[in-house]
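**Q**
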Amino acid sequence: MNGNNLSFGGREAISEAERQLYARQIIVPEIGIEGQAKLKKASVFIVGAGGLGSPVALYLAAAGIGRLGIADPDVVDVSNLQRQIIHFTSDIGKKKVDSARRKLLDINPRIGIDVFPERLKAANAGEIVKDYDIVVDGSDNYAARYLINDTCVLLGKPMVYGSIQRFFGQVSVFDGRKGPCYRCLMPSPPAPGSVLGCAETGVLGVVPGVIGSLQAVEVIKIILGLGTPLVGRLLFYDSLAASFDLIDVSKNPACPACGAKPSISAPVDYEELCGDDWPGYRPGGVSDRIARSGSISVSELKRRLEGGDRFFFLEIHEPGAVGEFLAADVLRIPKSEIMKRISEIPRDREVIVLCRIGIQGRELIRELQDLGFDNLINLEGGTIAWKYDIDIVP
């Protein structure tokens, strides 16, 4: 991806004061005055002034992004301060966007900042997003994420995605023009109540700092046309193991947003959907709650196992890796051998597909569905989620 494709070209005048402010950046050969001018001309819209939005906004402001937009309807609460580093104790009770704006202008009074103390919704998303070059997803819920994705696809904008929970985080760049969009990874939202958020599961305060910083790096790479942005790749961070895993995400030709024949023509407010109209619902087969998303959370799997339900488990892994899921009825197959051993996968019972973080499992299910499998369920969060969220061994 080259930043020049997004109208970052042209030379903006860099004042002597700006030369001093950005001196350590300008002396980087790959950036220079030309690159700093591109940063000054660029505009970035950040959804959320919370755990992810805080480091993203701080670093982009310091880097000299010419115009930032921030949307968040909430006020600062004492529980935010553990991770939302743009807000201070003196900001409690104040609007997050106003608190953020003050800090950002203290860091860099030479940039423009637009604030939207409102929730991004289908009715306003297109009108707001159209004026920015790049959108950063700093949201904390699926409804917002799908709204952001669909709006970006329709307007031809890149979406810099970030997600955090407990000790883990994910980063990617979704751009339906050059690779997969978020719906290629997650075709439809999970069923209401089937997945817990950070408010229920918690998060180590520094993890959003790591993920938000990585999102800021991706934004700058896109603007400057440097390196290889995370288009078609998802970066998974495990703070406990001090590890990063890079996972390929393929474009889905049948994606309803960015596929060959898209069916989504306008953003939708998903929190207003319920019942059988929830996207991805398929009557019959597995239980309604699972069928609505084609996946199952670790808490739901635990509940069903404790209730006496029995599944067949298919764990995919890399050659030489040790299986992580301890169950009596589990088939472990290296990913490269799945198609050779497809006859070993039953078609007459519910099959829970496992991988390390749940991404490869979702892509494998899509491939096997094309071969007639309609009994496959992905474990959201994969074996890592099971390991850290569930105390029992099935």
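Using the working numbering, read the sequence shown as starting at 1 and increasing by one per residue. Backbone N, C-alpha and C fix where the C-beta goes; we use that ideal spot for every residue, glycine too.
1) Could you name the residues that DSSP lists as bridge partners for residue 307?
2) For the 8 Å Cβ check, are there 3 or more pairs between the segment 210 to 225 and the segment 97 to 105?
3) From the DSSP output, which residues share a beta bridge with residue 170?
4) Would you kindly work out how many angstroms separate the C-alpha atoms of residue 189 and residue 302, rounded to a whole number?
5) Between the alpha carbons of residue 395 and residue 177, how many angstroms are there, rounded?
6) Going by CA-CA distance only, name the one from 149, 157, 42 and 155 that's closest to residue 113.
7) Should residue 205 go down as buried or exposed, given a rule of 16 or more other Cβ atoms within 10 Å for buried?
8) Less than 7 Å between C-beta atoms, sequence neighbours within five positions excluded: which residues of the same chain meet that for residue 360?
9) In angstroms, rounded to a whole number, what distance separates the CA positions of residue 203 and residue 51?
10) Could you tell me how far apart the beta carbons of residue 44 and residue 21 are, in whole angstroms, since I believe they sit closer than 8 Å?
11) Please state whether the Cβ-Cβ distance between residue 312 and residue 342 is less than 9 Å.
12) May I ask you to report which of helix, strand or coil DSSP gives residue 372?
13) Rounding to the nearest angstrom, what Cα-Cα distance links residue 209 and residue 81 in this structure?
14) Helix or strand or just coil, what does DSSP make of residue 139?
15) Assuming contact is defined by CB atoms lying nearer than 9 Å, are residue 136 and residue 162 in contact in what I supplied?
16) Whose C-beta lies closer than 7 Å to the C-beta of residue 33 among residues of the same chain, with five residues either side of it excluded?
17) In its own chain, which residues sit with a C-beta less than 7 Å from the C-beta of residue 30, not counting the 5 before and 5 after it?
18) Apart from the five residues just before and just after residue 110, which ones in its own chain have a Cβ nearer than 7 Å to its Cβ?
19) Please state whether DSSP places residue 334 in a helix, a strand or coil.
20) Does residue 290 come out as helix, strand or coil in the three-state DSSP assignment?
21) Determine the extent of the alpha helix (DSSP H) in which residue 83 is found, giving its start and end residues.
22) From 207, 144, 170 and 182, pick the residue whose C-alpha is nearest to that of residue 158; which is it?
23) Exposed or buried, which one is residue 186 when buried takes at least 16 other CB atoms within 10 Å?
24) Whole angstroms are fine: how far does the CA of residue 235 sit from the CA of residue 129?
25) Could you tell me whether the Cβ atoms of residue 146 and residue 270 are closer together than 9 Å?
26) Quick one: which unbroken alpha helix (DSSP H) runs of 4-plus residues sit fully inside the segment 97 to 143? Chain order, please.
27) What would DSSP say about residue 35, mapped onto helix, strand or coil?
28) Please go through the same chain and pick out, in chain order, the residues whose beta-carbon is closer than 6 Å to the beta-carbon of residue 83, but skip the five residues on each side of it.
29) Rounded to a whole number of angstroms, what is the C-alpha to C-alpha distance between residue 77 and residue 94?
30) Using a 10 Å radius around the Cβ and a threshold of 16 neighbouring Cβ atoms, would you call residue 28 buried or exposed?
31) Candidates 217, 143, 131 and 70: which alpha carbon is nearest residue 102's?
32) What distance in whole Å lies between the Cβ atoms of residue 230 and residue 396, which are believed to be in contact at a cut-off of 8 Å?
33) Per DSSP, residue 315 is paired with what?
**A** Taking the structure as given:
1) As a position in the sequence shown, residue 307 is number 307, starting the count at 1. In DSSP, residue 307 forms no bridge with anything.
2) no
3) Mapped onto the sequence shown, residue 170 falls at position 170. 163 and 236, per the DSSP bridge assignment.
4) What you label residue 189 is simply residue 189 of the sequence shown in a count that begins at 1. What you label residue 302 is simply residue 302 of the sequence shown in a count that begins at 1. Between residue 189 and residue 302, the C-alpha separation is close to 21 Å.
5) Nothing about residue 395 can be reported from this structure: the residues present for the chain run from 1 to 394 only.
6) Residue numbering aside, residue 113 sits at position 113 when the sequence shown is read from its first letter. Here the closest residue by C-alpha is 42.
7) Position 205 of the sequence shown, counting from 1, holds the residue named residue 205. Its Cβ having fewer than 16 others within 10 Å, residue 205 is exposed.
8) Here residue 360 is taken as the residue at index 360 of the sequence shown, counted from 1. Taken in chain order, the residues that qualify are 247, 316 and 335.
9) Along the sequence shown, read from residue 1 onward, the residue named residue 203 stands at position 203. Along the sequence shown, read from residue 1 onward, the residue named residue 51 stands at position 51. Roughly 10 Å separates the two Cα atoms.
10) Translated into positions along the sequence shown, residue 44 becomes position 44. Translated into positions along the sequence shown, residue 21 becomes position 21. In fact, because the Cβ distance is near 18 Å, the residues do not count as touching under 8 Å.
11) Translated into positions along the sequence shown, residue 312 becomes position 312. Translated into positions along the sequence shown, residue 342 becomes position 342. Against a cut-off of 9 Å, the Cβ pair of residue 342 and residue 312 comes out as no contact.
12) Counting from 1 along the sequence shown, the entry for residue 372 is found at position 372. In this structure, residue 372 counts as coil in the three-state DSSP scheme.
13) As a working note, residue 209 is residue 209 in the sequence shown. As a working note, residue 81 is residue 81 in the sequence shown. Roughly 13 Å between the two C-alpha positions.
14) Numbered from its first residue, the sequence shown carries residue 139 at position 139. Coil at residue 139, not helix or strand.
15) Here residue 136 corresponds to residue number 136 of the sequence shown, with the count starting at 1. Here residue 162 corresponds to residue number 162 of the sequence shown, with the count starting at 1. Contact flag set, yes.
16) For the purposes of this step, residue 33 is identified with residue 33 of the sequence shown, where counting begins at 1. Excluding residues within five positions, the ones whose Cβ falls inside 7 Å are 14 and 26.
17) As a position in the sequence shown, residue 30 is number 30, starting the count at 1. If we look at residue 30 and ignore the five residues flanking it on each side, its Cβ neighbours are 226.
18) Position 110 of the sequence shown, counting from 1, holds the residue named residue 110. 18, listed in sequence order.
19) Residue mapping note: residue 334 aligns to position 334 of the sequence shown, counting from 1. Here residue 334 sits in strand by DSSP.
20) For the purposes of this step, residue 290 is identified with residue 290 of the sequence shown, where counting begins at 1. In this prediction, residue 290 has a pLDDT of 39, which is less than 50 and means its spatial position is unreliable; what the coordinates show is noted afterwards. Looking at residue 290 - three-state DSSP - the assignment turns out to be helix.
21) Translated into positions along the sequence shown, residue 83 becomes position 83. Residue 83 -> no alpha helix (DSSP H), and no H or E assigned at all.
22) Working through the sequence shown from its first residue, we reach residue 158 at position 158. If we check each option's Cα against that of residue 158, 182 comes out closest.
23) What you label residue 186 is simply residue 186 of the sequence shown in a count that begins at 1. Classification of residue 186: buried, given that the 10 Å Cβ count is 16 or more.
24) The count along the sequence shown starts at 1 and reaches residue 129 at position 129. The count along the sequence shown starts at 1 and reaches residue 235 at position 235. Their Cα atoms are separated by approximately 25 Å.
25) As a first step, residue 146 is located in the sequence shown; it is residue number 146 there, counting from the start. As a first step, residue 270 is located in the sequence shown; it is residue number 270 there, counting from the start. Yes. Within cutoff.
26) 122 to 129
27) Locating residue 35 in the sequence shown gives position 35, counting from the first residue. In this structure, residue 35 counts as helix in the three-state DSSP scheme.
28) As a position in the sequence shown, residue 83 is number 83, starting the count at 1. These residues qualify, in order along the chain: 51, 205 and 208.
29) Position 77 of the sequence shown, counting from 1, holds the residue named residue 77. Position 94 of the sequence shown, counting from 1, holds the residue named residue 94. If I take the Cα positions, the gap works out to 9 Å.
30) Taking the first residue of the sequence shown as position 1, residue 28 is located at position 28. Per the 10 Å Cβ criterion, exposed.
31) As a working mapping, residue 102 is identified with position 102 in the sequence shown. When each option's Cα is compared against that of residue 102, the closest is 70.
32) Only positions 1 to 394 of the chain appear in this structure, which leaves residue 396 out of reach.
33) Looking up residue 315 in the sequence shown gives position 315. Note: residue 315 sits in a beta bridge opposite 332 and 354.
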